[in-house]
Each structure stands twice: as C-alpha cells, then as structure tokens.
C-alpha cells in the first residue's frame with residue numbers, strides 16, 4: 001500500500017535534512033545529484049517539489065519553521081527587544097550564511113513568480129507575528145505592534161543582505177544599534 005503524498009514528501013524533507021543539514025543541498029548540486037545522495041529516483045523529487053527551486057523552498061521553509069520553534073521557546077514572556085536580539089543571533093550566525101544566500105535567492109524568484117513559491121511566501125511572516133506578540137506584551141497598541149514588528153523584520157533582513165554583499169561591514173554593531181532604538185513603545 002502506498003503512503004499518502006504528504007507523508008512521502010515529509011519523509012523526503014527529513015531525508016534532505018539528514019543528508020544535507022538545515023542549509024539544504026548546495027547550489028552546485030542538480031536534482032539528479034541530490035536524488036543520488038538520497039538514494040531515490042530524481043522523478044520522486046520532481047513529483048514532490050517540482051523543481052530545484054521548489055525543493056530548496058521546501059527545505060528553507062522547514063528550516064525556518066524549526067528555527068521559529070527554537071526562537072519562540074526562548075520564553076513566552078520575553079519582550080520585543082530581547083526577542084529581536086535572539087532572532088538576530090540565530091539568523092546572523094555564520095553557520096547560516098549559505099541558507100541566508102538561498103533565502104534571498106528564493107525571495108528574488110518569488111518576486112517574479114509568487115504562485116510558484118506560494119508555500120515559501122505564506123510563512124515568510126512568521127517572525128513578524130512572533131515579534132508582534134512580544135510588542136503587544138510590551139505595551140504597544142495592536143497597530144503599533146504590527147508596524148514595529150514589520151519594521152524590525154525588514155531591517156534585520158536588510159542587514160543580513162548587506163552582510164552578504166559587503167562582508168566587511170560592521171553588521172552586528174548596526175543591528176544592535178537598530179534593535180536598541182526599538183526599546184520603547186511610542187507615546
């Protein structure tokens with residue numbers, strides 16, 4: 001008896017994490033090479049993920065989901081600024097550099113083909129929701145909490161991109177300066 005489609009996809013995702021880690025397969029590997037490493041036929045990957053970009057999007061979405069669970073576990077009572085610092089530490093870690101490159105590559109593709117990256121785009125704002133909840137706990141109004149969280153995520157993503165483009169820039173210092181500026185809710 002065949003397993004349901006979603007179950008097969010989940011097993012493949014787990015196999016991808018087991019084989020390649022949270023960054024997923026490197027940019028230099030084709031779908032056939034990835035399939036060989038997983039000991040499956042490449043058509044199985046195409047069936048479940050559609051394309052190399054689709055496979056990468058699924059891996060990054062799952063990695064982000066896992067990261068967000070770790071970030072959320074820092075404590076349900078953590079405030080907005082400490083949560084921003086935690087998020088920055090997770091995503092600015094040098095071990096995530098390849099994944100950060102892949103993220104921005106997929107974001108660029110999604111700008112041109114949003115329908116092809118629907119799943120990837122759908123959960124891209126999970127961090128903003130976590131931050132919004134923290135801002136509400138810190139006394140921000142709902143509207144201000146939403147805006148503050150969007151600003152924080154956009155700035156951190158911009159700093160991550162800047163770090164990829166100009167690695168010698170003092171990105172961590174700029175991030176800390178920005179995060180510190182977010183400390184108090186508007187009057």
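Numbering (UniProt numbering), first residue to last: 1 to 187.
Cβ coordinates follow ideal geometry from the N, Cα and C atoms, glycine included.
Keep in mind it's a predicted model, so treat the numbers as computed, not measured.
Here's the rule I'm using: 16 or more other beta-carbon atoms within 10 Å means buried, otherwise exposed. How should residue 138 be labelled?
Buried, because 16 or more other Cβ atoms sit within 10 Å of the Cβ of residue 138.
Going by C-alpha to C-alpha distance, which of 132, 146, 12 sits closest to residue 56?
Of the residues 132, 146, 12, the one whose Cα lies closest to the Cα of residue 56 is 12.
List the whole-angstrom C-beta distance separating residue 84 from residue 182, where the pair is believed to meet the contact cut-off of C-beta under 8 Å.
The beta-carbon distance between residue 84 and residue 182, rounded to whole angstroms, is 6 Å. This is short enough to meet the 8 Å contact definition.
Extent of the continuous alpha helix (DSSP H) run through residue 77
Where residue 77 is concerned, there is no enclosing alpha helix (DSSP H), given that its DSSP letter is neither H nor E.
In whole angstroms, what separates the C-alpha of residue 150 from that of residue 32?
Here the C-alpha atom of residue 150 lies approximately 39 Å from the C-alpha atom of residue 32.
Range of the contiguous alpha helix (DSSP H) that encloses residue 158:
Going by DSSP, residue 158 is part of the alpha helix (DSSP H) stretching over 142 to 165.
Quick one: Cα of residue 124 to Cα of residue 173, how far?
Answer to the nearest angstrom: the Cα atoms are 25 Å apart.
Excluding five sequence neighbours on each side, which residues of the same chain lie with their C-beta closer than 6 Å to the C-beta of residue 64?
Once the five neighbours on either side are set aside, residue 64 has no close Cβ partner at all.
Locate the alpha helix (DSSP H) running through residue 133, then write down its first and last residues.
Going by DSSP, residue 133 is part of the alpha helix (DSSP H) stretching over 126 to 137.
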